[in-house]
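In order, the protein sequence lines correspond to chains A and B. Read in the working numbering, the first sequence has 235 at position 214, and its numbers run on one by one without any break. Read in the working numbering, the second sequence has 216 at position 195, and its numbers run on one by one without any break. Below is one structure, written out as structure tokens; comments come after it.
2 protein chains.
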Amino acid sequence: MTTESPAAAHPLDYVFHPRSVAIVGVSSKDMDAFGGIGFLRAIRAAGFPGPIYPVNPKATEVEGLRCYPSLPAIEGPVDYVISSVPARAVASLMDDAIAKGVKVIHFFTAGFSETGDEDLAGLEQEVLRRATEAGIRLIGPNCMGLYVPRTGLAFMYGFPVTPGHVALISQSGANAGEFVNFSSIHGVRFSKVVSFGNALDLNAADFFDYCADDPDTHVICAYLEGVKGGPRFVEAFKKAAARKPVIVLKGGRTEAGTRAASSHTGSLAGEIQIFDALCRQAGAIRVESLGALCDMASAFQFLAKGPGNRVCILGGGGGTSVLAADDAAAAGLEVPWLPESTQQAMRDFTPVAGTSVRNPVDVMAAWDMKQLKRTVEIAASAENIDFVLYHTGFGWGPRLTDAGERAKETIAQLAQVRDEVGKPIVIAMRPPISAEAMGLTLDFQSECAKAGFATFPSIERACAAMALMAKWQAARDARV
Amino acid sequence: MTTESPAAAHPLDYVFHPRSVAIVGVSSKDMDAFGGIGFLRAIRAAGFPGPIYPVNPKATEVEGLRCYPSLPAIEGPVDYVISSVPARAVASLMDDAIAKGVKVIHFFTAGFSETGDEDLAGLEQEVLRRATEAGIRLIGPNCMGLYVPRTGLAFMYGFPVTPGHVALISQSGANAGEFVNFSSIHGVRFSKVVSFGNALDLNAADFFDYCADDPDTHVICAYLEGVKGGPRFVEAFKKAAARKPVIVLKGGRTEAGTRAASSHTGSLAGEIQIFDALCRQAGAIRVESLGALCDMASAFQFLAKGPGNRVCILGGGGGTSVLAADDAAAAGLEVPWLPESTQQAMRDFTPVAGTSVRNPVDVMAAWDMKQLKRTVEIAASAENIDFVLYHTGFGWGPRLTDAGERAKETIAQLAQVRDEVGKPIVIAMRPPISAEAMGLTLDFQSECAKAGFATFPSIERACAAMALMAKWQAARDARV
Numbered sequence: 022m023t024t025e026s027p028a029a030a031h032p033l034d035y036v037f038h039p040r041s042v043a044i045v046g047v048s049s050k051d052m053d054a055f056g057g058i059g060f061l062r063a064i065r066a067a068g069f070p071g072p073i074y075p076v077n078p079k080a081t082e083v084e085g086l087r088c089y090p091s092l093p094a095i096e097g098p099v100d101y102v103i104s105s106v107p108a109r110a111v112a113s114l115m116d117d118a119i120a121k122g123v124k125v126i127h128f129f130t131a132g133f134s135e136t137g138d139e140d141l142a143g144l145e146q147e148v149l150r151r152a153t154e155a156g157i158r159l160i161g162p163n164c165m166g167l168y169v170p171r172t173g174l175a176f177m178y179g180f181p182v183t184p185g186h187v188a189l190i191s192q193s194g195a196n197a198g199e200f201v202n203f204s205s206i207h208g209v210r211f212s213k214v215v216s217f218g219n220a221l222d223l224n225a226a227d228f229f230d231y232c233a234d235d236p237d238t239h240v241i242c243a244y245l246e247g248v249k250g251g252p253r254f255v256e257a258f259k260k261a262a263a264r265k266p267v268i269v270l271k272g273g274r275t276e277a278g279t280r281a282a283s284s285h286t287g288s289l290a291g292e293i294q295i296f297d298a299l300c301r302q303a304g305a306i307r308v309e310s311l312g313a314l315c316d317m318a319s320a321f322q323f324l325a326k327g328p329g330n331r332v333c334i335l336g337g338g339g340g341t342s343v344l345a346a347d348d349a350a351a352a353g354l355e356v357p358w359l360p361e362s363t364q365q366a367m368r369d370f371t372p373v374a375g376t377s378v379r380n381p382v383d384v385m386a387a388w389d390m391k392q393l394k395r396t397v398e399i400a401a402s403a404e405n406i407d408f409v410l411y412h413t414g415f416g417w418g419p420r421l422t423d424a425g426e427r428a429k430e431t432i433a434q435l436a437q438v439r440d441e442v443g444k445p446i447v448i449a450m451r452p453p454i455s456a457e458a459m460g461l462t463l464d465f466q467s468e469c470a471k472a473g474f475a476t477f478p479s480i481e482r483a484c485a486a487m488a489l490m491a492k493w494q495a496a497r498d499a500r501v
Numbered sequence: 022m023t024t025e026s027p028a029a030a031h032p033l034d035y036v037f038h039p040r041s042v043a044i045v046g047v048s049s050k051d052m053d054a055f056g057g058i059g060f061l062r063a064i065r066a067a068g069f070p071g072p073i074y075p076v077n078p079k080a081t082e083v084e085g086l087r088c089y090p091s092l093p094a095i096e097g098p099v100d101y102v103i104s105s106v107p108a109r110a111v112a113s114l115m116d117d118a119i120a121k122g123v124k125v126i127h128f129f130t131a132g133f134s135e136t137g138d139e140d141l142a143g144l145e146q147e148v149l150r151r152a153t154e155a156g157i158r159l160i161g162p163n164c165m166g167l168y169v170p171r172t173g174l175a176f177m178y179g180f181p182v183t184p185g186h187v188a189l190i191s192q193s194g195a196n197a198g199e200f201v202n203f204s205s206i207h208g209v210r211f212s213k214v215v216s217f218g219n220a221l222d223l224n225a226a227d228f229f230d231y232c233a234d235d236p237d238t239h240v241i242c243a244y245l246e247g248v249k250g251g252p253r254f255v256e257a258f259k260k261a262a263a264r265k266p267v268i269v270l271k272g273g274r275t276e277a278g279t280r281a282a283s284s285h286t287g288s289l290a291g292e293i294q295i296f297d298a299l300c301r302q303a304g305a306i307r308v309e310s311l312g313a314l315c316d317m318a319s320a321f322q323f324l325a326k327g328p329g330n331r332v333c334i335l336g337g338g339g340g341t342s343v344l345a346a347d348d349a350a351a352a353g354l355e356v357p358w359l360p361e362s363t364q365q366a367m368r369d370f371t372p373v374a375g376t377s378v379r380n381p382v383d384v385m386a387a388w389d390m391k392q393l394k395r396t397v398e399i400a401a402s403a404e405n406i407d408f409v410l411y412h413t414g415f416g417w418g419p420r421l422t423d424a425g426e427r428a429k430e431t432i433a434q435l436a437q438v439r440d441e442v443g444k445p446i447v448i449a450m451r452p453p454i455s456a457e458a459m460g461l462t463l464d465f466q467s468e469c470a471k472a473g474f475a476t477f478p479s480i481e482r483a484c485a486a487m488a489l490m491a492k493w494q495a496a497r498d499a500r501v
């Protein structure tokens with residue numbers, strides 16, 4: 022991963038580092054997770070260090086904070102405004118924001134061009150004209166805005182407080198929220214997550230350019246529907262992909278999806294073939310599901326470099342092993358039989374019945390802690406293997422009782438092998454089928470992340486992610 | 022689904038209805054979930070009504086049951102034997118079983134032809150020769166055997182006790198166990214689940230023929246690696262698929278998977294193209310993952326008939342909706358825009374901002390119970406819609422508190438719409454990200470099943486399953 026030492030801050034750096042935030046249109050009567058009150062709670066939970074100003078002429082206090090009747094009524098300077106007012110109140114909000122000298126407005130407010138209504142699209146353009154004149158930058162409208170853990174900004178309650186190095190540039194707030202939720206349980210941590218909706222002012226080109234320069238960002242993920250400003254976008258996208266892994270989930274890869282995107286963010290999604298050509302040219306990876314986007318974030322966060330594509334699959338279950346081999350091969354990985362000498366070394370302490378030492382390795386070592394380290398060590402050391410995929414799970418019979426202890430021991434042994442043999446090990450989970458098994462799975466994933474292991478929600482998804490990463494690395498190495 | 026009234030019992034019917042079970046090689050020192058003790062616990066938990074005889078010369082009591090030194094030492098007749106002894110003890114077990122007049126032996130015992138060792142393959146053939154001579158039928162070796170809830174047989178602890186109408190014919194015990202675990206949390210219930218491993222005697226042909234005739238079986242799922250006895254298998258497979266939905270997961274669809282299958286059950290998996298041709302000819306469905314097999318079981322258990330392929334997708338989230346439309350279209354479903362009149366009927370009570378009433382329908386009704394029934398009713402009634410896919414989930418912000426109540430109310434409203442409008446509604450879950458959300462999701466799925474709704478673990482998987490079912494139904498209708 023590249024870590025740049027920037028000569029000067031990026032011109033958009035202040036957007037991500039406001040010193041104060043006002044939330045306009047906040048009401049205690051809002052639905053709990055959405056609207057102004059949701060932003061207020063999220064930002065407070067994220068530990069924003071500067072002043073937070075709720076604004077609502079009908080309240081004097083919101084959640085213990087003094088509530089102001091308007092932006093100009095606030096004594097101190099206001100860098101960043103979150104607008105949760107309805108579209109009809111936006112003109113007056115613009116008056117106040119200009120008067121107050123606000124630098125950035127995030128419009129959670131929706132109901133503009135994405136509705137297909139001409140008047141509302143006109144209102145949107147008028148907002149842009151006035152903002153540009155006043156030097157105010159806009160995020161949105163129709164979006165969730167920023168999650169920047171290092172700055173204490175967040176748009177949903179419960180996002181991780183610890184910062185990391187994965188960025189997400191997203192046209193959808195729901196998908197951005199799910200991306201954070203789904204990947205954070207695998208230990209992924211974030212530099213900047215941007216939900217930018219209709220992209221009236223700041224758009225994908227700006228955010229790619231920023232993330233390309235941002236020293237805190239090592240991996241750039243994106244959810245895009247349509248992209249505006251053709252050549253500028255292409256330039257920024259290529260710049261980013263030349264410096265860092267870029268992984269894109271493109272909404273509207275089918276005609277039905279394209280129609281849906283037009284209702285969602287007013288995007289005119291182009292032909293997926295054109296976007297694919299751009300990805301190939303730039304060296305970016307396109308994935309087809311939110312899950313796959315999360316998996317790539319895991320892979321690139323935890324592995325310093327993509328390994329080759331020859332995998333040793335190791336874990337319990339004969340039929341599981343057959344399907345794992347199919348999944349790996351279908352994804353583009355090789356699953357070579359281990360060399361005779363490797364097989365023999367395992368046979369020396371592995372009973373013949375109900376096992377296989379060829380690859381996939383299906384041995385009781387997956388269940389018997391005493392043999393785990395030895396087995397994985399022998400497998401990882403084989404000369405025709407680039408990395409090990411270990412699969413495990415919780416919730417089979419009464420085994421749950423000592424699951425916590427076994428999990429810690431498993432991770433410790435795998436970490437030893439990884440460090441001694443010097444080859445990557447990634448971990449695929451068998452899906453849990455009870456709340457208790459889910460809890461154990463989450464704890465295990467969290468411990469794996471602490472030990473530096475990428476985990477994936479299934480063998481199939483682990484194979485798909487590792488195959489894409491291996492392919493990306495091979496292409497990258499061929500260029501250099 | 023067909024319900025046959027059989028003129029006479031199938032010749033293999035007694036295999037699934039033993040009056041007594043002996044477990045040979047049971048030991049209290051076994052690992053808790055595997056080996057003899059695992060079978061003993063599973064069968065007792067399944068409520069087997071006849072006598073259960075643990076057999077082990079070194080014990081007098083196992084788990085409170087009298088333990089016998091050998092099969093002949095048991096006073097009463099023994100219909101069914103589970104062999105958990107090592108391969109080297111099998112010759113002597115055969116002596117005893119023949120002396121005792123046993124009818125069926127399930128060999129959990131592994132270490133035969135699947136090892137690739139000629140001597141062990143020879144031992145396997147000798148077992149078959151002696152069993153055939155004595156009129157004993159064999160299940161396995163190298164397998165988990167039978168789960169027949171109606172008879173009180175099971176091979177893993179915690180399987181559902183309530184019987185149902187889905188059969189599984191599986192060459193893998195691990196995959197059979199996961200199939201039951203993964204699909205039972207969606208309310209799928211089983212008639213016969215067979216894990217038959219190396220298929221030394223009873224094989225896939227026998228089980229397909231049996232399930233085709235079995236009045237308790239309405240849907241036949243299968244996990245196959247290689248198939249033995251060519252023409253007999255083809256005949257039984259076609260007979261089954263002509264009468265009931267048949268869905269097959271074929272292990273060894275790649276070269277790597279085929280190699281793994283040869284280590285697992287000694288199967289010579291053929292070219293996947295040949296198997297595909299057979300499926301097309303027979304009218305069976307081939308899927309490529311265990312998850313997809315479970316999803317098809319859900320779809321066929323809960324829906325009386327495959328609907329057409331025009332779906333209305335309904336739930337919260339703009340980006341979620343775009344990806345859902347992509348998933349649906351990629352799977353082969355149509356996502357037509359709703360007629361103008363339908364859109365207008367929704368617009369009458371749906372705010373314009375942040376919503377879409379076209380299809381996918383992304384409205385706050387997904388969150389606001391008062392508008393849910395009305396919205397779904399209008400959507401389902403549209404003339405260009407065959408079924409509704411409703412998506413929901415648990416674990417977004419503080420909304421968990423009243424989740425249970427909301428879940429019940431949601432199901433009640435959806436059931437009313439389904440019954441009044443007369444179109445199917447299926448439910449896709451957003452994946453849970455905490456143990457608490459997992460618990461709520463499991464409870465919700467269980468309530469959905471009680472109300473007759475198929476649930477799926479993701480929108481993507483719901484779309485894939487429904488598209489396959491629609492295609493199967495269209496082909497079936499075209500034949501009749």
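Ideal Cβ positions, reconstructed from N, Cα and C, are used throughout, including at glycine.
message: Taking the beta carbon of LYS326 (chain A) as the centre, do at least 16 other beta carbons fall within 10 Å, making it buried, or is it exposed?
response: Position 305 of the first sequence, counting from 1, holds the residue named residue 326 (chain A). Exposed, because fewer than 16 other Cβ atoms sit within 10 Å of the Cβ of LYS326 (chain A).
Query - CA-to-CA distance, ASP138 (chain A) to VAL308 (chain B), given in whole angstroms - result: Looking up residue 308 (chain B) in the second sequence gives position 287. Looking up residue 138 (chain A) in the first sequence gives position 117. Their backbone Cα atoms lie some 44 Å apart in a straight line.
Notebook entry, point to check: So ILE268 (chain A) and LEU299 (chain A) are in contact, right, with Cβ under 8 Å, and what is the actual spacing, rounded?
Noted result: Residue mapping note: residue 268 (chain A) aligns to position 247 of the first sequence, counting from 1. Residue mapping note: residue 299 (chain A) aligns to position 278 of the first sequence, counting from 1. Not quite, the Cβ-Cβ distance comes to about 14 Å (not below 8 Å), so this is no contact.
Subject >> Separation of SER283 (chain B) from PHE128 (chain A), as counted between CA atoms >> reply: Taking the first residue of the first sequence as 1, we reach residue 128 (chain A) at position 107. Taking the first residue of the second sequence as 1, we reach residue 283 (chain B) at position 262. Cα to Cα, PHE128 (chain A) sits roughly 60 Å from SER283 (chain B).
Cβ atoms of PHE465 (chain A) and PHE415 (chain A): under 9 Å apart, would you say?
Position 394 of the first sequence, counting from 1, holds the residue named residue 415 (chain A). Position 444 of the first sequence, counting from 1, holds the residue named residue 465 (chain A). In contact: PHE415 (chain A) and PHE465 (chain A) (Cβ atoms closer than 9 Å).
Review point. Span of the alpha helix (DSSP H) holding TYR101 (chain A)?
Key: Taking the first sequence and counting its residues from 1, one reaches residue 101 (chain A) at position 80. No alpha helix (DSSP H) holds TYR101 (chain A); the beta strand (DSSP E) holding it covers 101-104.
**Asked** Taking the alpha-carbon positions, what's the CYS484 (chain B) to GLY336 (chain B) distance?
**Response** By 1-based counting over the second sequence, the position of residue 484 (chain B) is 463. By 1-based counting over the second sequence, the position of residue 336 (chain B) is 315. Rounded to whole angstroms, CYS484 (chain B) to GLY336 (chain B) spans 14 Å at the Cα level.
| message | My parser needs the beta strand (DSSP E) runs of 3 or more residues fully inside the segment 429-473 of chain A; what are they? | response | 446-450
Q: Let me know the beta strand (DSSP E) ranges lying completely inside the segment 357-417 of chain B, each 3 residues or longer, listed in chain order.
A: 408-413
Exercise for the section: Examine chain A for any beta-carbon lying closer than 9 Å to the beta-carbon of HIS412 (chain B), and answer yes or no. Expected result: Along the second sequence, one-based indexing puts residue 412 (chain B) at 391. No, HIS412 (chain B) lies away from the interface with chain A (no Cβ there is under 9 Å from its Cβ).
Using a cut-off of 7 Å between C-beta atoms, extract the partners of ILE454 (chain A) located in chain B.
-> Counting from one through the first sequence, the residue named residue 454 (chain A) turns up at place 433. Neighbours of ILE454 (chain A) on chain B, chain order: ASN202, PHE203, ILE206.
The segment 343-366 of chain A: positions lying closer than 9 Å to chain B by Cβ: VAL343, LEU344, ALA345, ALA346, ASP347, ASP348, ALA349, ALA350, ALA351, LEU354, GLU355, VAL356, PRO357, TRP358
* Among the residues of its own chain, which have a CB less than 6 Å from the CB of PRO445 (chain B), if the five just before and after it don't count? -> The residue given as residue 445 (chain B) occupies position 424 in the second sequence. Taken in chain order, the residues that qualify are LEU324, PRO328, PHE408.
message = So with CB distances below 7 Å, who are the chain A contacts of LEU311 (chain B)?
response = In the second sequence, the residue the question calls residue 311 (chain B) occupies position 290. Here the neighbours are LEU344.
**OP:** With ILE480 (chain A) as the anchor, note down where its alpha helix (DSSP H) starts and where it stops.
**Re:** Position 459 of the first sequence, counted from the first residue, corresponds to residue 480 (chain A). Per DSSP, ILE480 (chain A) belongs to the alpha helix (DSSP H) from 480-500.
Worksheet item: ILE126 (chain B) bridges to which residues according to DSSP?
Response: Taking the first residue of the second sequence as position 1, residue 126 (chain B) is located at position 105. Per DSSP, B:VAL102, B:LEU159.
Within chain B, the residues that VAL373 (chain A) reaches when beta carbons sit closer than 9 Å:
Here residue 373 (chain A) corresponds to residue number 352 of the first sequence, with the count starting at 1. Result: ALA108, ALA131, GLY132, THR136, ASP138, LEU141.
- prompt: Between PHE477 (chain A) and GLY161 (chain A), what straight-line distance do the alpha-carbon atoms span, to the nearest angstrom?
  reply: The residue you call residue 477 (chain A) lines up with position 456 of the first sequence. The residue you call residue 161 (chain A) lines up with position 140 of the first sequence. Each residue's alpha carbon lies about 32 Å from the other.
At 8 Å on the CB atoms, spell out the chain A contacts of TYR244 (chain B), in chain order. Locating residue 244 (chain B) in the second sequence gives position 223, counting from the first residue. Near TYR244 (chain B) (Cβ distances below 8 Å), the residues of chain A are GLY340.
Q | Reduced DSSP secondary structure (H/G/I, E/B, other) of ILE73 (chain B) | A | By one-based count along the second sequence, residue 73 (chain B) stands at place 52. Strand at ILE73 (chain B).
Considering only their Cβ atoms, is the gap separating PHE254 (chain B) from ASN219 (chain B) smaller than 9 Å? As a working note, residue 219 (chain B) is residue 198 in the second sequence. As a working note, residue 254 (chain B) is residue 233 in the second sequence. Contact: no.
Check your understanding: Can you name, in chain order, every residue of its own chain whose Cβ lies under 6 Å from the Cβ of PHE296 (chain B), other than the five neighbours on each side?
Key -> Residue numbering aside, residue 296 (chain B) sits at position 275 when the second sequence is read from its first letter. Taken in chain order, the residues that qualify are LYS271.
*According to DSSP, what are the bridge partners of TYR168 (chain A)?*
Taking the first residue of the first sequence as 1, we reach residue 168 (chain A) at position 147. In DSSP, TYR168 (chain A) forms a bridge with A:VAL214.
Quiz prompt | GLU82 (chain B) - partner residues in DSSP beta bridges | solution = Position 61 of the second sequence, counted from the start, is the residue given in the question as residue 82 (chain B). Paired residue(s): B:ARG87.
Please list, in chain order, the residues of the segment 375-409 of chain B that have any C-beta partner in chain A closer than 9 Å. GLY375, THR376, SER377, VAL378, ARG379, ASN380, PRO381, ASP383, MET385, TRP388, ASP389
**OP:** Would you verify that the beta carbon of MET317 (chain A) is, or is not, closer than 9 Å to some beta carbon of chain B?
**Re:** Reading the first sequence from its first residue, position 296 is the one you call residue 317 (chain A). Not closer than 9 Å to any Cβ of chain B, the Cβ of MET317 (chain A) fails to qualify, so no.
Next on the checklist: Measuring straight from C-alpha to C-alpha, what distance separates ILE119 (chain B) and ALA66 (chain B)?
Outcome noted: One-based indexing of the second sequence puts residue 119 (chain B) at position 98. One-based indexing of the second sequence puts residue 66 (chain B) at position 45. Rounded to whole angstroms, ILE119 (chain B) to ALA66 (chain B) spans 29 Å at the Cα level.
Cβ-Cβ separation, TYR178 (chain B) to PHE211 (chain B) (assumed contact under 8 Å), whole Å: Your numbering for residue 211 (chain B) matches position 190 in the second sequence. Your numbering for residue 178 (chain B) matches position 157 in the second sequence. Between TYR178 (chain B) and PHE211 (chain B) the Cβ distance is about 15 Å, and since that is not below 8 Å, they are no contact.
### Task
Specify the secondary structure class of ILE64 (chain A) as computed by DSSP and reduced to three states.
The residue labelled residue 64 (chain A) in the question sits at position 43 within the first sequence. Helix at ILE64 (chain A).
Worksheet item: In terms of DSSP beta bridges, what is ARG280 (chain A) paired with?
Response: Mapped onto the first sequence, residue 280 (chain A) falls at position 259. None; ARG280 (chain A) has no bridge partner.
| said: Can you check which of these residues, B:ALA243, B:PHE133, B:ALA351, B:GLY71, is closest to ILE306 (chain B) by C-alpha distance? | reply: Counting from 1 along the second sequence, the entry for residue 306 (chain B) is found at position 285. Ranking the options by Cα distance to ILE306 (chain B), first place goes to B:ALA243.
> Between which two residues does the beta strand (DSSP E) carrying VAL209 (chain B) extend?
Replying inline: Position 188 of the second sequence, counted from the first residue, corresponds to residue 209 (chain B). Premise fails: VAL209 (chain B) is in no beta strand (DSSP E) and is neither H nor E.
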